[in-house]
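A quick write-up on the structure given underneath.
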Amino acid sequence: MSLLEVRGLTTAFRTERGEINAVEDITFDIDEGEILGIVGESGSGKSVTALTIMGLLPQPPARVAAGSVRFRGETLTGMSEPRLERIRGSGISMVFQEPMTSLNPVFTIGEQIMETVRAHEKATPRELRDRAVEMLDKVGIPSAAKRLGDYPHQLSGGQRQRVMLAIALACRPKLLIADEPTTALDVTIQAQVLDLLMDLRDEFGMAVMIITHNMGVIAETADRVLVMYAGRIVEQAPVVRLFERPEHPYTRGLLECVPTLEQDTERLAAIPGSLPEPGRRPPGCRFAPRCRWRIDACRTGLPPLVEQEPGHASACIRAAEIAAQIGAA
Amino acid sequence: MPAGAPLEDELEVPERRQSPLRMTVVRLFRHQLFLSGLVLFGLIAVVGVLAPLLTDINPNKLGMRTRFQAPDAAFLFGTDNFGRSLWSRTVWGAQLSMMIGLSVVLLNAVFGTLIGALAGYFPRLDNVLMRVNDALMAFPAILLAIAITAVLGPSIVNAILALAIVYIPRTARIVRASVIVLREMEYVQAAIAAGAGHWRILRRHILPNAMAPLIVQLSFLFAYAVLSEATLSFLGLGAVPPTPTWGNIMAEGRQYMVEAPWIITIPGIALMITVMGLNLLGDGLRDVLDPRLRIQQ
Amino acid sequence: MSGAQPAPLLKLEGLTKHFAVQSGGFFRRHVTALRAVDGVDLEIQAGETLGLVGESGCGKSTLGRMIIRLIEPTAGSIVFDGVDITRLDMQALREHRRGMQIVFQDPFGALNPRMTVEDIIMEPLLIHGARHDDAARKRVDEMLGLVGLPLRARSRFPHEFSGGQRQRVGIARALVLNPRFLVCDEPVSALDVSVQAQIVNLLQDLQRDLGLTYLFIAHDLSVVKHISDRVAVMYLGRVVEIADKRAIYAAPRHPYTQALIAAVPVLKPRERGRGRRVRITGDIPSALNPPSGCRFHTRCPYVMPVCRTDEPKLAPTDAGHLVACHLMDNQESNKG
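Chains as they are written, first to last, in my numbering: chain Z, 1 to 329; chain X, 1001 to 1297; chain F, 2001 to 2336.
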């Protein structure tokens, strides 16, 4: 049994134009201690997936239209709010992109860490304080004991993200969901936070689901990767394999269109066109209008996610053909 | 081939949607609150406009033999202490209320926008204009209106002037707040970089985008103006009797509340319908026009 | 850019911007200077792309906007095409603005939501005296073709387009007056990854076909390296290193540049954690109260006593490679 099992998850939103599926038929597992990267661009549904798992989407307008989420054997979809609250924080916790709005400006950071612990464990004030100091220390806030009384506005962006991690990890969750944890940070601070995240995973042994649009962040952190496009998983593979032998044309395009510091290219291999908005997605394979490999058959049916090799699946009817060509080249 | 020649798919422009104005109108007409507000307010407005057609009795025509008639077939809304038709007086009162409300709104739209735009756009003027504004806003609205009409003397025009002076600072503040935000928008910066002058920037880029909160404010202001004018008339500081404003009718009916309760009740209900309609209308406009509130929904 | 240097198209000398920041209460109000840009010297040759990188608060955007005169400099001078434009009056400045334009980061905020694409692209022409006639409309068609938008886009409103398409409209507006110089202020960082490459390619094609000169401002080092000929690195309002792009990426001299390059994630999972050796610790100090001496000394792994007191000057090390670091002084003296 995996730590988290997501099966056929479909989350729909009620809009002015009727009900629209934000994500469709999402199936994946996360094992204990594993780092799963989910990569996608705007409208891919990567954040909706995370919020559905956490039960944090307002219902309505959102609705789990199909599928299930199981965490340590318990089904989370349809679970009552009080039971979900017990699991949030102590079982699964989450850090968000914007550390300024995720912290409450009127409480000190110490109070916010202690509050999380108090919600899940019986502890004396002394123990709570010690835990808060310990957590701040672990996330690399210098002279932690003195900083307990600081308010969020007294911290820099990188420090706030560290405090968010301290709160998220205070109750030793088994799974941490990090939604674009470094997107708002500068590159030198991003590197520090990613290093910290890896160190904390090793120390606490928790699983991590890291959501990002940045392939570099995936390459630096993930064990296994899901690639999402327009609400569906298009490819799933171990990280090294995904970067070295990508099968789906979208994954290949994402890897080829970004310039790197190592290589000099005259011209970037751009993916033409724009991302489809939810509700205006093309029929058939959603990537087909932008795909240079497309054939007529791509426009008719949704390609299923097929495992080409153990652990490596992709949703492209020409995946084998593309893989063969690249192997030959 | 031109530079950056696109692939075939880049030429895909989404199918035609509508102009921002058209989209707003469509959304408004799907909005329940807005529609019910529009119906209530529209009712009073239509009655006001059609007043000459709806009544055949002069609202000031006295009838010594028809005093204190309860509403019946002859007098739809009954008569008052001088035997005047309350139907006629209330309908003409609707016209006066609409006129007064509209005048105050127009004066606010012009001067509130002007002061707000100048203060928001030119930091040098901001301090002076806003301190004057603050001074005016420090008085409770109705007290200031009473003071101004007391000085100018009671009349409809003076009531309009007093209410405009009282509310313009509030409107100006709202316009100023939008202008300060819009001034920093990158499309304004782009226009400056292209060499646009202040006038063009205000007219083309800032004011059109500052309209949404202003329109919301003006719809509420209409309600305040109608209500405040009724208050002034009631206190004898608005239109001079026997002018049939709702405030005047209620002021006269007050003495006969027990014997002839319809005299004060009927214009009161008309006033309530107007104010409620405008408030619903304003809430609807705010929901549709103000994107900050739309996100919270 | 070798041999005898022609006069640069743009020359900045000691360009400085201090914003007054008010703090404190009603009675004890302090005005502090936020040193956004603090004495920057730069030269840009006609036809080249100078990349300007740095983290948030380093002043790169303020610098770009000062060059376009959207922000008034506190001190220093901007010489464009041989003319000092720092203190031109409004009328002369308007004429001069035809030569230099800007492309913004946010494709949503950069277009007036109440104007059609045609109105947006045509506006600079109207400002400079053109009439709203067939000639102006033809020019709009030309611009749409140039940036890869179909002609039927002209009657649409910004909200009907994707981010990438909006950015094309922004570029068309910037180019409609035939400028020679374009400030690109983070033009791709708000776009989705799969769309960024389209805009980068478009900017490169336009430069080649129209002979444009770019100041390309970004925080993404990979993109800057791809598009630039030379790269300048800014830290807390000052330029700390300038060099040819290959030199700066292959052999960065300033410890900050080294750390910045090491912090960029590598797209090779097998080489994960490679940059850890050269990580810098700590946060970027506030520009309200920048550190004394070398502004990087609070985070520098090689800090020396002199760094805390003396501000290093931007000085040449190799041909065309300028570095502001006391480590370079030592190398020079060691050599000599």
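Backbone N, C-alpha and C fix where the C-beta goes; we use that ideal spot for every residue, glycine too.
Coarse secondary structure for residue i, derived from DSSP in three states
i	result
Z/Gln59	coil
Z/Asn21	strand
Z/Thr300	coil
F/His2226	helix
Z/Lys146	helix
F/Leu2050	strand
X/His1198	helix
Z/Leu176	strand
F/Leu2203	helix
Z/Pro82	helix
Z/Asp29	strand
Z/Gln154	helix
F/Glu2123	helix
Z/Thr10	strand
Z/Lys312	The sequence shown places His at residue 312 of chain Z, rather than the Lys named in the question. If DSSP states are grouped into helix, strand and coil, Z/His312 belongs with the strands.
X/Pro1020	helix
X/Gln1217	helix
Expected contact under 8 Å - CB spacing of residue i and residue j to nearest Å
i	j	result
X/Ala1190	F/Arg2094	With a Cβ gap of about 14 Å, X/Ala1190 and F/Arg2094 do not count as contacting.
F/Met2328	F/Arg2253	7 Å
Z/Arg126	Z/Val117	Actually they do not touch by this definition, with Cβ atoms about 12 Å apart.
F/Thr2062	F/Gln2207	That belief does not hold up - the Cβ atoms of F/Thr2062 and F/Gln2207 are roughly 24 Å apart, past 8 Å.
F/Pro2290	F/His2297	That belief does not hold up - the Cβ atoms of F/Pro2290 and F/His2297 are roughly 11 Å apart, past 8 Å.
F/Asp2084	F/Leu2009	About 14 Å separates the two Cβ atoms, so there is no contact after all.
X/Pro1208	X/Ser1178	Their Cβ separation, rounded to whole angstroms, is 11 Å, which puts X/Pro1208 and X/Ser1178 out of contact at 8 Å.
Z/Met215	Z/Leu255	6 Å
Pairwise C-alpha distance: residue j and residue i
i	j	result
X/Ile1165	X/His1031	33 Å
F/Leu2182	F/Val2103	7 Å
Z/Pro82	Z/Leu57	15 Å
F/Leu2034	X/Thr1113	33 Å
F/Ile2171	F/Val2147	7 Å
F/Cys2325	F/Ala2007	27 Å
Z/Glu24	Z/Gly110	40 Å
X/Lys1182	X/Ala1117	First, the residue type needs correcting, since residue 1182 of chain X is Leu and not Lys in the sequence shown. Answer to the nearest angstrom: the Cα atoms are 11 Å apart.
F/Leu2015	F/Met2234	13 Å
Z/Ile271	F/Val2303	45 Å
Z/His248	Z/Ser314	6 Å
F/Ala2263	F/Val2117	40 Å
X/Thr1274	X/Pro1123	39 Å
F/His2321	F/Gly2059	21 Å
Z/Ala288	Z/Met228	14 Å
X/Asp1080	X/Asp1283	36 Å
F/Cys2294	Z/Cys316	54 Å
X/Phe1075	X/Thr1066	9 Å
X/His1205	Z/Arg267	37 Å
Strand pairing of residue i, partner residues [DSSP]
i	result
F/His2018	F/Arg2035
Z/Gly37	Z/Ile210 and Z/Val225
F/Arg2094	Per DSSP, none; premise fails for F/Arg2094.
F/Glu2043	F/Lys2011
F/Thr2213	F/Phe2181
F/Ala2263	DSSP lists no partner for F/Ala2263.
F/Leu2322	F/Ile2242 and F/Pro2316
F/Asp2084	F/Val2079
F/Gln2101	F/Leu2182
X/Ser1085	X/Thr1079
Z/Leu4	Z/Ile30 and Z/Phe71
request  = Return the residues of the stretch 168-190 of chain Z that lie within a Cβ-Cβ distance of less than 8 Å from chain F, sorted by chain order.
outcome  = Asp186, Val187, Thr188, Ile189 and Gln190
ask   = For the stretch 2095-2106 of chain F, which residues have a CB atom closer than 7 Å to at least one CB atom of chain X, in sequence order?
value = Arg2097, Gln2101, Ile2102, Phe2104 and Asp2106
task = Would you list, in chain order, the members of the stretch 2158-2179 of chain F that have their beta-carbon closer than 9 Å to a beta-carbon of chain Z?
result = Phe2161, Ser2162, Gly2163, Gly2164 and Gln2165
request  = Taking a Cβ distance cut-off of 9 Å, strictly less, list which residues of the stretch 2056-2077 of chain F are near chain X, in chain order.
outcome  = Arg2065, Ile2068, Arg2069 and Leu2070
key: Selection of the stretch 2115-2129 of chain F by Cβ proximity to chain X, strictly under 7 Å   = Glu2123, Pro2124, Ile2127 and His2128
request  = Return the residues of the stretch 1214-1241 of chain X that lie within a Cβ-Cβ distance of less than 7 Å from chain F, sorted by chain order.
outcome  = none
inquiry  = Using a Cβ-Cβ cutoff of 7 Å, what residues of the stretch 1174-1193 of chain X are near chain F? List them in chain order.
reply    = Met1185, Glu1186, Tyr1187, Gln1189, Ala1190, Ala1191, Ile1192 and Ala1193
query = Between the stretch 2184-2201 of chain F and chain Z, which residues of the former have a C-beta closer than 9 Å to a C-beta of the latter?
reply = Asp2192, Val2193, Ser2194, Val2195, Gln2196, Ala2197, Gln2198, Ile2199, Val2200 and Asn2201
key: Within 9 Å of chain F by C-beta, residues of the stretch 1195-1208 of chain X in sequence order   = Gly1195, Ala1196, Gly1197, Arg1200, Arg1204, His1205 and Pro1208
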